[in-house]
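A.B. asks:
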Amino acid sequence: MDYGIELRDQEAVVRLRGRLTFNDHAKLRTLIGEMGQNKLRRQVLDLSSLEFVDSAGIGMLLIAREEMDRAGKQFVLRSAAGQVKRVLTVAQIAKIVPIED
Amino acid sequence: MFNPAAHDAVRPAFQNGLPDDTPAMPDASRDGGAKVAVTAELLSTWLGFADVQRRTLDIVQSELTRTSDHVETSTLDLSERFRELAEKALEQSERVAQIVAMAGTVDLDGERVPLDTLVVGMQDVITDMVTNIVSLSRHAMTMVYLLDDVQKDVAELEKSIGDIDGINRQTNFLALNATIEASRAGEAGRTFAVVAQEVRHLSRSTGELAERMRSKVTAVVKGVRNGHEILRQIADTDMSPQMLAKERVDKTMDSLVAQTTHFQTVLRTAATVSSDMSSTIAHVITGMQFQDLTKQRIEAINDSLAIMSAGLGELEARIRAQVPPGIGAREPQEWLNQLMGRFTLSEMRERFVRRLLLEGTALDENGVLDLDVAGGSGAGGDIELF
């Protein structure tokens, strides 16, 4: 998995690409740190280019939400598709994290 | 005396058999006791007709009785079969109703649980399972991050112990130098030599402590690395396929409920149809009571025919008593042919022939006219019907 951060007026958009699995846990921790450091209140994870997420990846997304919560920031998941969207739906992540199309 | 229709039916033969020179009987109409002239041929013809008529009436009566009996036996048999059919249809309807009642539920520890309740329960269980997987994944990843930090801290600790070793080596070196310098100073340095010696002892103790700490820290590092590795393996076990299995289970459950509902609908229709069949058959059985009425009618007809036959016989006997012995009965051949032509059913025709032509002959005396014998070919007649 790799990612790119785009800082807009109202929100920081982080675009994830490829497969988010356990092996990316160090990278994701760095990303969480970067999201916590930028000034924008609204942090959006764009999942449209993410092809696959495993259960560890779902755990990491929830940790990201906790960290953003702790930093007083809003955390949003956006444009999930395919397997990622199915897993998010089955896991009822929308009950914990706002999901936008 | 005769049924007009029957009379019409035989008229052509009768007319042909009658001589044209029938004398008018004006006197007889006025006076019943007066004598009139009748030709021997006419008398002979009448006697022949009377004989055939009487026998025919007998045959008709016995055929009517036979028909009535046949209808009665068949109707009873049919009624019985229909009753069985109605009972079976009712049983079927009950059985199907039982299946309908059972189809929507499942036996769980002796309790009937509605299928939809069961499905919702199972879906809840799976939802809980998925929620647990998500929660476990989150906790596992939190632990992974914590142990990442612990590993960094422990590495710092190892480095610190190394630092202590360095400091200790320097201390030891300084203490050694101090001892040398103290011995050079002689008596004045004696006290200082003792202090330097103590510092060396202290340094050795510090070195031993650092060593003990190193061995403990090494054990902790080993333990943490093992734990970290096990946790990595746990967190690296992807449970997303198990989570996605919920989709398939949900679909399967929905399909199961839909299928069961469909079966119930079909079975309910089947139960209604069976029940309707049963009541239709009951109506059919009621309808079979026409046989009772038919039997009574045939009995009444037979009674009338018996009276007619008796009257004819009596009249025939009276006339025969007044007829000179030389005049015999002339067989009405054409009329007989006409009658025979009516009996197309071979079994019935056989009985007719026996009764009409052979009664009173030598064959009759030999038992050929026995009705049972005639009835023996009944099966042949039945087959002809089909």
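In order, the protein sequence lines correspond to chains F and P. Sequential numbering of the first sequence, starting at 42, is according to this note's numbering. Sequential numbering of the second sequence, starting at 61, is according to this note's numbering. Yeah, the Cβ is synthetic: ideal placement off N, Cα and C, and Gly gets one too.
Here's the rule: buried if 16 or more other CB atoms are within 10 angstroms of the residue's CB, otherwise exposed. What is Ala53 of chain F?
C.D. replies: The residue in question, Ala53 of chain F, is buried, as its Cβ has 16 or more Cβ neighbours within 10 Å.
A.B. asks: Closer than 7 Å between beta carbons: that is the criterion. Which residues of the region 301-312 of chain P meet it against chain F?
C.D. replies: The residues in question are Met303, Leu304, Lys306 and Glu307.
A.B. asks: Quick check on Asp298 of chain P - is its C-beta less than 8 Å from some C-beta in chain F?
C.D. replies: Yes - at least one Cβ of chain F is within 8 Å of the one on Asp298 of chain P.
A.B. asks: Grab the span of the alpha helix (DSSP H) containing Pro174 of chain P for me, first residue to last.
C.D. replies: Pro174 of chain P -> not in any alpha helix (DSSP H); beta strand (DSSP E) instead, spanning Glu171 to Pro174.
A.B. asks: Is Gly100 of chain F helix, strand or coil when you go by DSSP?
C.D. replies: If DSSP states are grouped into helix, strand and coil, Gly100 of chain F belongs with the helices.
A.B. asks: Please report the distance separating the alpha-carbon of Asp81 of chain P from that of Val96 of chain P.
C.D. replies: Because the pLDDT of Asp81 of chain P is 46, which lies under 50, any placement of that residue in the model is unreliable, and the number read from its coordinates should be weighed accordingly. C-alpha separation (whole angstroms): 14 Å.
A.B. asks: Near Ala434 of chain P, what residues of its chain come up, given a Cβ to Cβ distance below 7 Å and the 5 sequence neighbours on each side ignored?
C.D. replies: For Ala434 of chain P, the predicted structure reports a pLDDT of 43, less than 50, and the residue's modelled location is therefore unreliable. A value from the coordinates is still provided. Cβ neighbours of Ala434 of chain P beyond the five flanking positions: Glu410, Arg411 and Arg414.
A.B. asks: Could you tell me if Leu57 of chain F is buried or exposed, where buried requires 16 or more neighbouring beta carbons within 10 angstroms of its beta carbon?
C.D. replies: Buried, because 16 or more other Cβ atoms sit within 10 Å of the Cβ of Leu57 of chain F.
A.B. asks: Considering only the alpha carbon of each residue, which of F:Phe93, F:Thr62 and F:Pro139 lies closest to Lys114 of chain F?
C.D. replies: It is F:Pro139.
A.B. asks: With distances taken between CB atoms, is the gap from Gly108 of chain P to Arg380 of chain P smaller than 8 Å?
C.D. replies: No, these two residues do not count as a Cβ contact at 8 Å.
A.B. asks: Short of 7 Å Cβ to Cβ, which residues in the region 100-114 of chain F face chain P?
C.D. replies: Answer set for the region 100-114 of chain F: Gly100, Met101, Leu103 and Ile104.
A.B. asks: Kindly indicate the opening and closing residues of the alpha helix (DSSP H) around Ala256 of chain P.
C.D. replies: Its alpha helix (DSSP H) spans residues Arg250 to Asp296.
A.B. asks: Pick from P:Thr404, P:Pro385, P:Gly371 and P:Arg378: whose alpha carbon is nearest that of Arg115 of chain P?
C.D. replies: Among P:Thr404, P:Pro385, P:Gly371 and P:Arg378, the Cα nearest to that of Arg115 of chain P belongs to P:Gly371.
A.B. asks: Does DSSP classify Gln115 of chain F as helix, strand or coil?
C.D. replies: Gln115 of chain F: strand per DSSP, three-state reduction.
A.B. asks: Tell me which residues share the same chain as Val317 of chain P and place their Cβ nearer than 7 Å to its Cβ, disregarding the 5 neighbours each side in the sequence.
C.D. replies: Result list for Val317 of chain P: Leu175, Asp176 and Val179, in chain order.
A.B. asks: So which of P:Val326, P:Thr125 and P:Ala215 has the shortest CA-CA distance to Ala279 of chain P?
C.D. replies: The candidate whose alpha carbon is nearest that of Ala279 of chain P is P:Ala215.
A.B. asks: Grab the span of the alpha helix (DSSP H) containing Val371 of chain P for me, first residue to last.
C.D. replies: Correcting the residue identity first, residue 371 of chain P is Gly in this sequence and not Val. First-last of the alpha helix (DSSP H) with Gly371 of chain P: Phe350 to Gln382.
A.B. asks: What is the DSSP secondary structure of Thr62 of chain F, counted as helix, strand or coil?
C.D. replies: In this structure, Thr62 of chain F counts as coil in the three-state DSSP scheme.
A.B. asks: Considering only C-alpha positions, which residue in the set P:Asp363, P:Pro392, P:Gln230 and P:Gln211 is nearest to Ser122 of chain P?
C.D. replies: The shortest Cα separation from Ser122 of chain P among P:Asp363, P:Pro392, P:Gln230 and P:Gln211 belongs to P:Asp363.
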